[in-house]
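In the numbering used here, the protein residues as written are 744 to 879.
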Amino acid sequence: MLARDAVFLEDLCPKSRVRRWRQSLHTFTGQSCIYCGKPSESIDHVLPRSRGGMSITENCVPACLACNGHKSNTDAFDWYRRQKFYDPRRAMALRAWTEGDLRLALKLLEWAKPNQIEHQKNSKRKIEQDWSLQAA
Ligand SMILES: [Zn+2]
Numbered sequence: 744m745l746a747r748d749a750v751f752l753e754d755l756c757p758k759s760r761v762r763r764w765r766q767s768l769h770t771f772t773g774q775s776c777i778y779c780g781k782p783s784e785s786i787d788h789v790l791p792r793s794r795g796g797m798s799i800t801e802n803c804v805p806a807c808l809a810c811n812g813h814k815s816n817t818d819a820f821d822w823y824r825r826q827k828f829y830d831p832r833r834a835m836a837l838r839a840w841t842e843g844d845l846r847l848a849l850k851l852l853e854w855a856k857p858n859q860i861e862h863q864k865n866s867k868r869k870i871e872q873d874w875s876l877q878a879a
């Protein structure tokens, strides 16, 4: 699937432009997969090309090879909802991205950064526990 995408993109525009475009997509998300946050190694078509999806920024997101391969030809939103690593913030980011609002998408992705969020939640819970102990 990846090789076929590359050929298609290169047919559309000169090679170096495509490479720069793909690279800029990866840079947007800090080289991380829009679905799971792991390093992005490929560009995934949100609406698969086999279903009429185009090779434009709004339809192309950085993805790791595992997500890209696993998602295959299914609808990105349906597929993503069924994943263990599903995160509503990332789903919203994906939606914003496909609507061309990259700024909102990036903001949502920042919130969804793994570990960081979990860490904040845990420390907040810890503070609340400490408080309730003191009150008791
Ligand atoms: Zn992934």
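Just so you know, even glycine gets a beta-carbon here, dropped at the ideal spot from N, CA and C.
Asked                                                                                                                                                       : Found
Just to confirm, are residue 855 and residue 836 a CB contact at a threshold of 8 Å?                                                                        : yes
Tell me, which residues are paired with residue 786 by DSSP?                                                                                                : 805
When you compare only the Cα positions, how much space is there between residue 796 and residue 790?                                                        : 5 Å
Who are the near neighbours of residue 843 in its chain, counting only those whose CB is closer than 6 Å to its CB and skipping five residues on each side? : 801
Quick check on the burial criterion: 16 or more other C-beta atoms within 10 angstroms. Buried or exposed for residue 759?                                  : exposed
Quick check on the contact list: which residues have their beta carbon closer than 6 Å to a heavy atom of ligand 1?                                         : 776, 778, 779, 781, 806, 807, 809, 810
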